[in-house]
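Visitor: Residue numbers (my numbering), protein chains in the order written: chain X, 1078 to 1337; chain C, 5 to 804. Think of the CB as a built atom: it goes at the ideal place given N, C-alpha and C, for glycine as much as any other residue. My structure is below; once you've seen it, I'll send some questions.
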Amino acid sequence: MATKKRMILPKSYSWQFFPCALRTSLRVIVILFCLVHAADSLPAAWADESSNFAAKRMQMVDEQLKDRGITDLKVLRAMSTVPRHLFVPAYLKQQAYTDGPLPIGHGQTISQPYIVAYMTEILHIQPQHRLLEIGTGSGYQASVLAELSDQVYTMEIIPELADSAGRRLKETGCSSVTVRQGDGYHGWPEAAPFDGIMVTAAAEFIPPPLLQQLKEGGRMIIPVGSPFYVQHLMLVEKTQGKISTRSLMPVRFVPFRRSQ
Amino acid sequence: MKRDPAPPLQLHLALILLSAALIAFQLEQMQLLAIVQWHHFAYLIISVALLGFGAAGTLIAICRTSLLRQVEWLLPVLMFACAISMAMALPLSQEMTSRFDICLLFIEPGQAALLLLSQGIYLLVFFLGALPLGLVFIGLSSRINSLYCANLVGSGIGGLSAVALMYVLLPQQLPALTALLPWAAGILVISRPRRRSLLALAALTLTLIAAVLSHPPHLQPSQYKDISRTMDLPGSNITASQPSPYGLIELVTAPALRYAPGLSLTYVEEVPTVSAAVFNNGDWFGAVDSGEASFLHATISALPYAMGKRDRVLVLQAGTGTDIIQALKNETEGVMAVEPHQKATTIMAGLYGTTDENLLHHPLVQRSSLTPRTWLALHRERYDLITLPTVGSFGGASGLFALQEQYLLTKEAFLELWNHLSPDGMLRVSAWLDSPTRNSLRLAATIAETLEEADVDARRHVAAVRNWNMITFILKRSPLNNSDIEQVRSFCKRLQFDPALLPELQGPERIRYHVPADPRFFNNLDSLFSPSHRQKLYENYAFNLHPVSDNHPFFSQFLHWHSIPHLMQLFGERTLPFLELGYLIVLISFTQITLAAVLLILLPLLRLGLPGRTGLKRWTIPFFSGLGLGYMFFEIMLIHELVLFFGHPIFAAAAGISGLLVFSGLGSLFSGRLRPHRSNHGLAAALVALLLLLYFFILPPLLQMAITLPPLWKTLFFFLLIAPPATAMGIPFPLGLEHLANHSKSQAAWAWGINGCISVVSTGLATIIAVEFGFSAVMLMACAAYGVAALSTTRQFFPT
């Protein structure tokens, strides 16, 4: 009779009649089930996410880089390897491979993929080259450079950015990059001379120590513009002690005619 | 129709206080938002916020009877609510929309929502302030003249007192202080019914205002403002702040701050750190050197000194004084430094001390705080060297300053500068090189056209030198001789600069050290100095390179409408906004506000019925729109004319707005003597149209004539000059409103709403017209708007 009575009780009431031990066991079972299920599904989700980003990255390389004239295979390989989505703020992860710069805080941006590739290509990097980057920012550019050379030195003056970039580079397994927090004006005299210098935090003047630390025949690249629009890239070359510059446009500006 | 009983004095006082508060709050917000974002953002917010007036008119039109039935207690409640929203607007917007950034509007999803939210906060303030004004006007429409007079006089006082307070209080302290005015207005209109509850509400409001006053919110500037980026440097500190109507001046020290624009790549010495950097509203103003700027001889700006000794130097817009130091280091006999931002000069005094050797007290340096153009108009002395500040900014400012009026870079200014040069004197002006090239080419065009007007062969008088990011032009009053040319060449060789313009210059010499991005740069530069090629370049270049004039002083505005598809194709839609963000924001704001204004006009129209069907007066829309447009267009044009006359935009705005409002208030008072009849307010509008047409011709020359008067006489002269049109402009609106109210009070409310909405739309429209066609077109449109208002009352055009 008792069983019958319990059977006609609403479910919520019936729960109260479960013995305590049974309830606890059920909870454990549910929790274990969830854990097992989660453990089972998480790597799958990660794998999905990872392959999704990899696909976006390949699309970025094809549509944004190759189509715009980036031809250096080493640079294209580097751009298709470095997980850009791990260098942008979490809330912008889905936009990581779009064709534009993204904010990373402190008034700084992670450059447009094309600009990163173009600047890297211009440096003509060889594996034995020693490279210096002034303005680590998110660490993405340094990570791309590290795909091409084993000696990458990067400096960032804003302590918070230097810390987070250092951590991010470590997490992504980028061991060949040395990060230092400090004033880029002085460069990195202990590691000088450099075959290539990239001044991503450009100032109104080129610090004389950086010119001195540039190796004979070395190249320095400086993007000039505002955070969301690189106007032009300044290539500085040192040949027989003489410094010369060449301004390069990331977008080819063709003259406009009204008839067009 | 029977007239309403005469409103009590308290009501007039309350209207004066409330109107003063609304105008003061508007000016304060403009400054505050210029500090945390940029002045365009302020413009966007304020123009939307003013829609509150239109929205209030709409509500009154729809719910007039029920609102007026409860007006006795509603008036104080609304005034207290306005006071609360005024005090809380800044803390709320800083708290709720602190992540909003105008630079991210086109990048981050969700920024548009934050923008709307912050607009909503300001809209509420103006809506709550406009509602009691509207209720009083409509409720006592037969006494509109004295009430409207109180409104205008209050607004005038509000404008002047806000400017005065900006000298002594920090911007974040001002809104809560201003909130005391609507609170006091509320106290004045508390009447018998519900007296206790209203007094309790008044006490609560005062407590809230006091709380905000004692803890003013901390301002959080955009992370992309210059000051934020400097404050991110380790060890940086704001060591002094000075409020002023020109902007909030802040002095920042940081151990890693260095500033050496135009430095030669051959310079191998240490570039010293600067003592401090000065920021105005968070934007870079200049670096403070304590006289150690040893590198100045190796910068591109040293060109005139490399060509010989300059005995008398005039430094215009001297800023933090780098050009003065350069002149003193080159053994000049005297420097005249003109810098209108006085607080920026005084804030540096602490760093320099008071010895004779320092910059501020140097015996060879004379100072003036007039604007450069006013100074030039007042003085006839001639100089061996005149220096202008560098045009543009390094890396560009994403076109944020596209709508900044730059009177020192107009053709008229260059002609004036040319006439201030001694027989062998030189004018030096540098520009940051941008891509696509705009600044340097427009500067070259201005120089070429100015010299042509002065009947001089520009090619024999102009030289230009370039490094990797800057170009420096010099204009010599006498033709460049062989020795000059040789000195330019040797300067370039020594410091590895390239000559860009020089008589008989060879192609390869121009790119010996620095190759420009645009291979056509030199062709374009040469074309500008040849009249036939110049026109062709103007027509074919993707950007507008025409020199600017005093009538159209937007030097940094280059975007051609017809080039947009071409540029979009080249740069992509994500980059295009950053080519000229400033103008784009105004266009977005104008579109947004026009849509809102149409909604606010159409909404009550649907309830009141379409014109002609329910007795709605056909002339209402053209008449009140015409008055709104005409008044605002004239006000904007007047302020523009006064900038040169008074020497600073803030004084121009304060004198222009206050003069216009106070005299219009008197006009409104006078209109009480006239019979509210269609022909009368039509005639009044026609009189204004004629007066404005007359002033279109006589105002600029009369102001020019009086520019040399002492400040007090100048102000008196201006008030006498403006009195006739301003008084006349105060007549048609109250007369028309009274006439309409005699027919239907709800239509009067509607008309008031139309006038408010159109006034708001017209601020954006006037800016666009000024950019596209110049300020004189704005003035003509003002005449036309009053003309349309006058015609709308004639039976031929709009029969009853």
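Taking Cβ-Cβ distances below 9 Å as the criterion, which residues of the stretch 1207-1219 of chain X are in contact with chain C?
Guide: Within the stretch 1207-1219 of chain X, no residue qualifies.
Visitor: Just curious, the alpha helix (DSSP H) that valine 282 of chain C is in, first and last residue?
Guide: Not the alpha helix (DSSP H): valine 282 of chain C falls in the beta strand (DSSP E), residues 280-284.
Visitor: Can you give me, in chain order, the residues of the stretch 513-532 of chain C that have a beta carbon less than 7 Å from any beta carbon in chain X?
Guide: Answer set for the stretch 513-532 of chain C: Tyr517, His518, Val519, Pro520, Ala521, Asp522 and Arg524.
Visitor: Using only alpha-carbon positions, find the residue among C/Arg384, C/Asp327 and C/Thr69 that is nearest to arginine 314 of chain C.
Guide: Arginine 314 of chain C has its Cα closest to that of C/Asp327, out of C/Arg384, C/Asp327 and C/Thr69.
Visitor: To the nearest angstrom, how far is the alpha carbon of proline 1285 of chain X from that of isoleucine 478 of chain C?
Guide: Roughly 27 Å between the two C-alpha positions.
Visitor: Expressed to the nearest angstrom, what Euclidean distance is found between the alpha-carbon atoms of serine 439 of chain C and valine 765 of chain C?
Guide: Straight-line Cα distance between these residues: approximately 34 Å.
Visitor: So, under 8 Å CB-CB, valine 1221 of chain X and threonine 1186 of chain X are touching, yes? Tell me the CB distance rounded to an integer number of Å.
Guide: Going by Cβ atoms, the distance from valine 1221 of chain X to threonine 1186 of chain X rounds to 15 Å, so no, they are not a contact pair.
Visitor: Does the Cβ-Cβ distance between alanine 24 of chain C and serine 165 of chain C come in under 9 Å?
Guide: Yes.
Visitor: With distances taken from CA atoms, which of C/Gly630, C/Leu725 and C/Leu184 is nearest proline 87 of chain C?
Guide: Per the sequence shown, residue 87 of chain C should be read as alanine rather than proline. Ranking the options by Cα distance to alanine 87 of chain C, first place goes to C/Leu184.
Visitor: Would you call histidine 518 of chain C buried or exposed, if buried means 16 or more other Cβ atoms sit within 10 Å of its Cβ?
Guide: Buried.
Visitor: Report yes if the CB atom of leucine 19 of chain C is closer than 9 Å to the CB atom of alanine 154 of chain C, and no otherwise.
Guide: Closer than 9 Å, so yes.
Visitor: Give the interface partners of phenylalanine 398 of chain C over in chain X, defined as CB-CB distance under 7 Å, in chain order.
Guide: Under the 7 Å cutoff, chain X gives Glu1281.
Visitor: Measure the C-alpha to C-alpha separation of tyrosine 635 of chain C and methionine 641 of chain C and round it to an integer number of angstroms.
Guide: Roughly 10 Å between the two C-alpha positions.
Visitor: For chain X, find out if any of its Cβ atoms is closer than 9 Å to the Cβ of alanine 264 of chain C; answer yes or no.
Guide: So yes, alanine 264 of chain C belongs to the interface.
Visitor: Near arginine 481 of chain C, what residues of its chain come up, given a Cβ to Cβ distance below 8 Å and the 5 sequence neighbours on each side ignored?
Guide: For arginine 481 of chain C, where only same-chain residues beyond five positions count, the Cβ hits under 8 Å are Trp422, Leu425, Ser426, Pro427, Asp428, Gly429, Met430 and His465.
Visitor: Can you round the beta-carbon distance between leucine 82 of chain C and leucine 121 of chain C to whole angstroms, since I take them to be within the 8 Å contact cut?
Guide: Leucine 82 of chain C to leucine 121 of chain C, Cβ: 23 Å. No contact.
Visitor: Extract the residue ranges of the alpha helix (DSSP H) inside the stretch 1272-1299 of chain X, only unbroken runs of 4 or more that lie entirely within it.
Guide: As far as the stretch 1272-1299 of chain X is concerned, its whole alpha helix (DSSP H) runs of at least 4 residues are 1285-1290.
Visitor: At a Cβ cut of 7 Å, what residues of the stretch 1129-1150 of chain X count as close to chain C, listed as they run along the chain?
Guide: The stretch 1129-1150 of chain X vs chain C, Cβ under 7 Å: nothing.
Visitor: Do three or more CB pairs link the stretch 1257-1272 of chain X to the stretch 374-384 of chain C at distances below 8 Å?
Guide: No, they do not touch.
Visitor: Run down chain C in chain order and give the residues with a C-beta less than 7 Å from the C-beta of arginine 1323 of chain X.
Guide: Going along chain C in sequence order, the residues near arginine 1323 of chain X (Cβ under 7 Å) are Val519.
Visitor: Distance, Cα to Cα, valine 492 of chain C vs histidine 222 of chain C?
Guide: Looking at the two C-alpha atoms, the distance is approximately 51 Å.
Visitor: Helix, strand or coil: how does DSSP classify methionine 352 of chain C here?
Guide: Here methionine 352 of chain C sits in coil by DSSP.
Visitor: Tell me the start and end of each unbroken alpha helix (DSSP H) in the stretch 497-577 of chain C that is at least 4 residues and wholly inside, in chain order.
Guide: Entirely contained in the stretch 497-577 of chain C, the alpha helix (DSSP H) runs reaching 4 residues are, in chain order, 525-532, 535-544 and 568-575.
Visitor: List the whole-angstrom C-beta distance separating glycine 163 of chain C from isoleucine 661 of chain C, where the pair is believed to meet the contact cut-off of C-beta under 8 Å.
Guide: Going by Cβ atoms, the distance from glycine 163 of chain C to isoleucine 661 of chain C rounds to 5 Å, so yes, they are a contact pair.
Visitor: Tell me the DSSP secondary structure of proline 1266 of chain X in three-state form.
Guide: Note: proline 1266 of chain X maps to coil in three-state DSSP.
Visitor: Find the residues of chain X that neighbour aspartate 438 of chain C, judging by a C-beta separation of less than 7 Å, and give them in chain order.
Guide: Gln1308, listed in chain order.
Visitor: Rounded to whole angstroms, what is the Cα-Cα separation between proline 1160 of chain X and glutamate 1233 of chain X?
Guide: Cα to Cα, proline 1160 of chain X sits roughly 21 Å from glutamate 1233 of chain X.
Visitor: Would you mind working out which of C/Gly124, C/Leu269, C/Leu631 and C/Ala656 sits nearest isoleucine 643 of chain C, comparing C-alpha positions?
Guide: Selected option, being the one with the closest Cα: C/Ala656.
Visitor: Is the separation between the beta-carbon of proline 741 of chain C and that of phenylalanine 141 of chain C shorter than 9 Å?
Guide: Per the sequence shown, the amino acid found at residue 741 of chain C is leucine instead of proline. Yes; because the gap between Cβ atoms is below 9 Å, this pair is in contact.
Visitor: Rounding to the nearest angstrom, what Cα-Cα distance links tryptophan 288 of chain C and glycine 671 of chain C in this structure?
Guide: Between tryptophan 288 of chain C and glycine 671 of chain C, the C-alpha separation is close to 44 Å.
Visitor: Apart from the five residues just before and just after phenylalanine 1130 of chain X, which ones in its own chain have a Cβ nearer than 6 Å to its Cβ?
Guide: Result list for phenylalanine 1130 of chain X: His1162, in chain order.
Visitor: Just tell me which of C/Tyr587, C/Leu389, C/Ile242 and C/Asp459 has its CA closest to the CA of glycine 286 of chain C.
Guide: The shortest Cα separation from glycine 286 of chain C among C/Tyr587, C/Leu389, C/Ile242 and C/Asp459 belongs to C/Ile242.
Visitor: Quick check on the burial criterion: 16 or more other C-beta atoms within 10 angstroms. Buried or exposed for arginine 377 of chain C?
Guide: Buried: at least 16 other Cβ atoms inside 10 Å.
Visitor: Roughly how many whole angstroms lie between the Cα atoms of isoleucine 1147 of chain X and glutamine 573 of chain C?
Guide: The alpha-carbon atoms of isoleucine 1147 of chain X and glutamine 573 of chain C are separated by roughly 19 Å.
Visitor: Taking only beta carbons into account, state which residues of the stretch 470-493 of chain C come closer than 7 Å to chain X, listed in chain order.
Guide: The stretch 470-493 of chain C vs chain X, Cβ under 7 Å: Trp472 and Asn473.
Visitor: Using a Cβ-Cβ cut-off of less than 7 Å, give me the residues of the stretch 224-239 of chain C that come near chain X, in sequence order.
Guide: Residues Gln227, Tyr228, Ser232, Arg233, Asp236, Leu237 and Pro238.
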